[in-house]
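**Q** Supplied in structure tokens, the structure appears directly below.
In full-length UniProt numbering, the protein residues as written are 1 to 476.
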């Protein structure tokens, strides 16, 4: 066995001049590999934690060693870690909560446009002319634009030109396809070809030509930073144009804001338009347009914080998974009769508390539905009298045959021939035949498997193993 403390052989010297790894256990402060480690830790200087007690604890405020910036005896330096407001250059708050007017300071950052330092992107000399987001032209901004933004923002450019005949043919083809996107684009192309066209005139033409498309002027709210634009590009219209396939709403929830008749709809279309972005900024503090949160004149609103509330003990500050109280029983919070946990109402040993009973008929407390005073009197199916049910009837039970309609026997004991006119097929719900003799294809959605009791197949097509009987012999 080789000696662990033996000196390395000469053959262990590599060609690169470095000593090969020795089998000898080296002390922790040894500088391995020919690199100079720290005398105390044995690690390289770059690997020493800046938060440790060694030589890496450099202050971010003054750059000195031996203390942190929070304990620095020097005054606070200006900059990212100065603790001063970027707006007024005063301590005690940040820019978002600054109550003071803005103090102009020299900009020393980097321009986001050209990448050079000394100016902002808004003041960049290399920045091209500003482009309007509405009409895509230069020289003005979107809020000052008077061009018809309805065409540009819907993908119809100045080079897209059609004759009125071509635009009308495209509109007819789009109407036959009943695709709202295609209809809207074809409608705008026709409006561009015939500049004086209005929504009111188009709706009258559609009704005269029996088009599928209906232009409905609805009264509905839109976002504060959106506007309604008509075919001539006029903004701030009153009603919203909706492309529909009927003059009446198909669902009750769509009826809100719908015109009461075609005449009212035509009157609304004179001041209606498509909803579009108005390109105005909205303040997240007061929800008004024209300014941002930083320049809002109103008092800053605190955002609503999500409060954790335990559904087990109703206390604030933790969830049910961290609750130290005993877990409540699921399903209504215990017995409905006495209110205690551990049992249900049908197992309750306390006297019945009618104050906790809710009527399923009138939703009032204090009685059951069968004793409800607002309910119509019950009629007995056996004797025809009111005030009781057939199961509580004291008179002799009257049995009526479903085959011959006579009393005294049931249909399976009827001496008369079977009346097929009263037989209902379980496959097609028609009368006059049974499901076995039904001429229609088998409705497998009604067939229940006798093995797995699922619908859609019979026991012959069942893929599950055969159900065992009570004796457990698999039915054999």
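No residue lacks a Cβ here, since even glycine has one placed at the ideal position from N, Cα and C.
1) Applying the criterion that 16 or more other CB atoms from any shown protein chain within 10 Å of the CB defines a buried residue, is residue 458 buried or exposed?
2) My output table needs one value for residue 480: the three-state DSSP class, helix, strand or coil.
3) Do we get a CB-CB distance below 8 Å when we pair residue 124 with the residues of chain D?
4) Note down, in chain order, each residue of its chain lying with its Cβ closer than 6 Å to the Cβ of residue 236, except the 5 sequence neighbours on either side.
5) Identify whether residue 84 lies in helix, strand or coil by the three-state DSSP scheme.
6) Hey, residue 271 and residue 238: beta-carbon distance below 8 Å or not?
7) Run the CB neighbour count on residue 151, radius 10 Å, all protein chains shown included, and call it buried at 16 or more, exposed below.
8) If you follow the beta strand (DSSP E) that residue 275 is in, where does it begin and where does it stop?
9) If the criterion is Cβ atoms closer than 8 Å, does the pair residue 355 and residue 339 meet it?
10) Counting pairs of beta carbons, one from the region 185-192 and one from the region 164-173, are three or more of them closer than 8 Å?
11) Measure the alpha-carbon distance for residue 508 versus residue 284 and round it to whole angstroms.
12) Start and end of the alpha helix (DSSP H) containing residue 152?
13) If you draw a straight line from the alpha carbon of residue 156 to that of residue 135, how long is it in whole angstroms?
14) Excluding the 5 residues preceding and the 5 following residue 377 in the sequence, name in chain order all residues of the same chain whose CB lies nearer than 8 Å to its CB.
15) For a quick check, are the C-beta atoms of residue 316 and residue 304 less than 8 Å apart?
16) Buried or exposed: which applies to residue 464, given that a residue is buried once 16 or more other Cβ atoms fall within 10 Å of its Cβ?
17) For the beta strand (DSSP E) holding residue 228, just list the boundary residues, first then last.
18) Taking Cβ to Cβ, would you say residue 442 is nearer than 8 Å to residue 419?
19) Alpha carbon to alpha carbon, how far is residue 423 from residue 430?
20) Counting only runs of 3+ residues fully inside the region 165-227, write out the beta strand (DSSP E) ranges in chain order.
21) Answer yes or no: do residue 319 and residue 313 have a C-beta to C-beta separation smaller than 8 Å?
22) DSSP has residue 454 in a bridge; who is on the other side?
23) In its own chain, which residues sit with a C-beta less than 8 Å from the C-beta of residue 245, not counting the 5 before and 5 after it?
24) Check this for me: beta carbons of residue 403 and residue 393, under 8 Å apart or not?
25) Which residues in the same chain have their Cβ closer than 8 Å to the Cβ of residue 328, if we skip the five residues on either side of it in sequence?
26) Got a sec, what are the start and stop residues for the beta strand (DSSP E) residue 244 sits in?
27) Looking only at C-alpha atoms, which of 280, 207, 194, 230 sits nearest to residue 223?
28) Can you tell me where the alpha helix (DSSP H) with residue 298 in it begins and where it stops?
29) When DSSP builds the beta bridges, which residues end up paired with residue 138?
30) Taking the C-alpha atoms as reference points, what is the distance between residue 293 and residue 180?
31) By the DSSP assignment, the alpha helix (DSSP H) with residue 477 in it spans what residues?
32) Below 8 Å between beta carbons: does that hold for residue 100 and residue 88?
33) Where does residue 360 land, buried or exposed, given buried means 16+ other C-beta within 10 angstroms?
34) Using the Cα positions of residue 23 and residue 66, report the straight-line distance between them to the nearest angstrom.
35) Check whether the Cβ atoms of residue 266 and residue 203 sit closer than 8 Å, and answer yes or no.
36) Which of helix, strand or coil does DSSP assign to residue 365?
**A** Considering the structure as presented:
1) The residue labelled residue 458 in the question sits at position 458 within the chain shown. Answer is exposed; the Cβ neighbour count stays below 16.
2) The displayed coordinates of the chain run from 1 to 476. Any statement about residue 480 would go beyond what the structure contains.
3) Absent from the structure is chain D; it holds one protein chain and no more.
4) Start at 1 with the first residue of the chain shown, and residue 236 comes out as number 236. Excluding residues within five positions, the ones whose Cβ falls inside 6 Å are 227.
5) Within the chain shown, the letter at position 84 stands for residue 84. Residue 84 carries a strand assignment under DSSP once its states are collapsed to helix, strand and coil.
6) By one-based count along the chain shown, residue 271 stands at place 271. By one-based count along the chain shown, residue 238 stands at place 238. It is a contact, given that the beta carbons lie within the stated cut-off.
7) Position 151 of the chain shown, counted from the start, is the residue given in the question as residue 151. Around the Cβ of residue 151, a 10 Å sphere holds 16 or more other Cβ atoms; the residue is buried.
8) Indexing the chain shown from 1 puts residue 275 at position 275. Residue 275: member of the beta strand (DSSP E) spanning 272-277, first to last residue.
9) On the chain shown, residue 355 is found 355 positions in, with the first residue counted as 1. On the chain shown, residue 339 is found 339 positions in, with the first residue counted as 1. When the beta-carbon positions are compared, residue 355 and residue 339 stay at least 8 Å from each other.
10) Inter-segment contact for the region 185-192 and the region 164-173 is present: three or more beta-carbon pairs are separated by less than 8 Å.
11) Because the chain spans 1 through 476 in this model, residue 508 falls outside it and cannot be assessed.
12) Numbered from its first residue, the chain shown carries residue 152 at position 152. Per DSSP, residue 152 is one residue of the alpha helix (DSSP H) stretching across 149-152.
13) Indexing the chain shown from 1 puts residue 156 at position 156. Indexing the chain shown from 1 puts residue 135 at position 135. When rounded, the distance between both Cα atoms is 11 Å.
14) Taking the first residue of the chain shown as position 1, residue 377 is located at position 377. Non-local C-beta neighbours of residue 377 in its own chain, meaning closer than 8 Å and more than five positions away in sequence, comprise 386, 387, ordered along the chain.
15) Start at 1 with the first residue of the chain shown, and residue 316 comes out as number 316. Start at 1 with the first residue of the chain shown, and residue 304 comes out as number 304. No.
16) Numbered from its first residue, the chain shown carries residue 464 at position 464. Answer is exposed; the Cβ neighbour count stays below 16.
17) Position 228 of the chain shown, counted from the start, is the residue given in the question as residue 228. Start and end: 226-229.
18) Counting from one through the chain shown, the residue named residue 442 turns up at place 442. Counting from one through the chain shown, the residue named residue 419 turns up at place 419. Residue 419 is positioned such that its CB atom lies no closer than 8 Å to that of residue 442.
19) In the chain shown, counting from the first residue as 1, residue 423 sits at position 423. In the chain shown, counting from the first residue as 1, residue 430 sits at position 430. For residue 423 and residue 430, the distance between alpha carbons rounds to 8 Å.
20) 214-218, all fully within the region 165-227.
21) As a first step, residue 319 is located in the chain shown; it is residue number 319 there, counting from the start. As a first step, residue 313 is located in the chain shown; it is residue number 313 there, counting from the start. For the pair residue 319 and residue 313, the CB atoms are not nearer than the 8 Å cut-off.
22) Here residue 454 corresponds to residue number 454 of the chain shown, with the count starting at 1. The partner list for residue 454 (beta bridge, DSSP) is empty, contrary to what the question assumes.
23) Start at 1 with the first residue of the chain shown, and residue 245 comes out as number 245. Excluding sequence neighbours, residue 245 sits near 178, 212, 213, 214.
24) As a first step, residue 403 must be located in the chain shown, where it is residue number 403. As a first step, residue 393 must be located in the chain shown, where it is residue number 393. For the pair residue 403 and residue 393, the CB atoms are not nearer than the 8 Å cut-off.
25) Here residue 328 corresponds to residue number 328 of the chain shown, with the count starting at 1. Same-chain partners within the cutoff: 312, 334, 341.
26) Working through the chain shown from its first residue, we reach residue 244 at position 244. From DSSP, the beta strand (DSSP E) with residue 244 extends over 239-244.
27) Mapped onto the chain shown, residue 223 falls at position 223. Minimum Cα distance to residue 223 is reached at 280.
28) Against the chain shown, residue 298 aligns to sequence position 298. Element bounds for residue 298: n/a, residue is neither H nor E.
29) Position 138 of the chain shown, counted from the first residue, corresponds to residue 138. According to DSSP, which records beta bridges pairwise, residue 138 is partnered with 131.
30) Counting from 1 along the chain shown, the entry for residue 293 is found at position 293. Counting from 1 along the chain shown, the entry for residue 180 is found at position 180. Annotation: residue 293 to residue 180 spans about 38 Å, alpha carbon to alpha carbon.
31) In the structure as shown, the chain begins at 1 and stops at 476. Residue 477 is therefore absent and cannot be evaluated.
32) Start at 1 with the first residue of the chain shown, and residue 100 comes out as number 100. Start at 1 with the first residue of the chain shown, and residue 88 comes out as number 88. A contact, by the Cβ cut-off of 8 Å.
33) Locating residue 360 in the chain shown gives position 360, where the first residue counts as 1. When all chains shown are included, residue 360 counts as exposed.
34) For this step, residue 23 is matched to residue 23 along the chain shown. For this step, residue 66 is matched to residue 66 along the chain shown. Here residue 23 scores only 41 on pLDDT, less than 50, and its place in the model is too uncertain to base an answer on.
35) Working through the chain shown from its first residue, we reach residue 266 at position 266. Working through the chain shown from its first residue, we reach residue 203 at position 203. Taking 8 Å as the Cβ cut-off, residue 266 and residue 203 qualify as a contacting pair.
36) Here residue 365 corresponds to residue number 365 of the chain shown, with the count starting at 1. Strand.
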